[in-house]
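Note that my numbering numbers the sequence shown so that position 123 is 123, with each residue one more than the last. Glycine included, C-beta positions come from ideal geometry on N, C-alpha and C. Predicted model, so just to flag it, every value in this text is computed and none were measured. Worksheet for the structure shown next.
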Amino acid sequence: MSDLIYYFEDIVRPYNPCQIVVYEGDNDIASGMSPEAYLQDVITFTRMVEIFLPGTELAFVSTKPSPAREEWTDEYQEANTLVREFCMSKPHLKYIDVSQLMVDKNQNIKKELFLGDMLHMKPSGYQLWKAVVRPYLSECGRK
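Right under this line is the structure:
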């Protein structure tokens, strides 16, 4: 998330997007960032979009659990809760929860959705996401 903020002027603003869907958090949390610090980065990015790209639709995708990073599951869940609550506090923000797609009814991570590294998803994992993310895309975001 910090790279998205740092490079905002290079990789976001010049394109004047009508909608931004952000998936971040896995690497941030796994590298030692606290869920609270991650939320502050989400807030900072949101504010940058509000100031420099007014009217741009913004959605945050939940951080997914993965077998390779199972030790951070609690932190991912906490970060997701914080981001979800933040998004609910602002009517122009959306929160897209993909984390529940990644676990079975007993809350065990579905390993069959992951490549051999148990971190990156197989196409089948992305197909699950597609069904959940697509309804959040606005008309301009579908182009």
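Query	Result
Here's the rule: buried if 16 or more other CB atoms are within 10 angstroms of the residue's CB, otherwise exposed. What is Leu113?	buried
Please confirm if the region 123–135 is in contact with the region 34–46, defined as three or more CB-CB distances below 8 Å between the two stretches.	no
Starting from Lys130, trace the alpha helix (DSSP H) both ways and give me its first and last residue.	Pro123 to Val133
Taking the beta strand (DSSP E) that Phe60 falls in, what are its first and last residues?	Glu57 to Val61
Identify the continuous alpha helix (DSSP H) that holds Val49 and give its terminal residues.	Pro35 to Phe52
Are the C-beta of Glu70 and some C-beta of chain B separated by less than 8 Å?	Checking the listed chains, one finds no chain B in this structure; it contains a single protein chain.
So is Ile51 buried or exposed if we call it buried at 16+ other beta carbons inside 10 Å?	exposed
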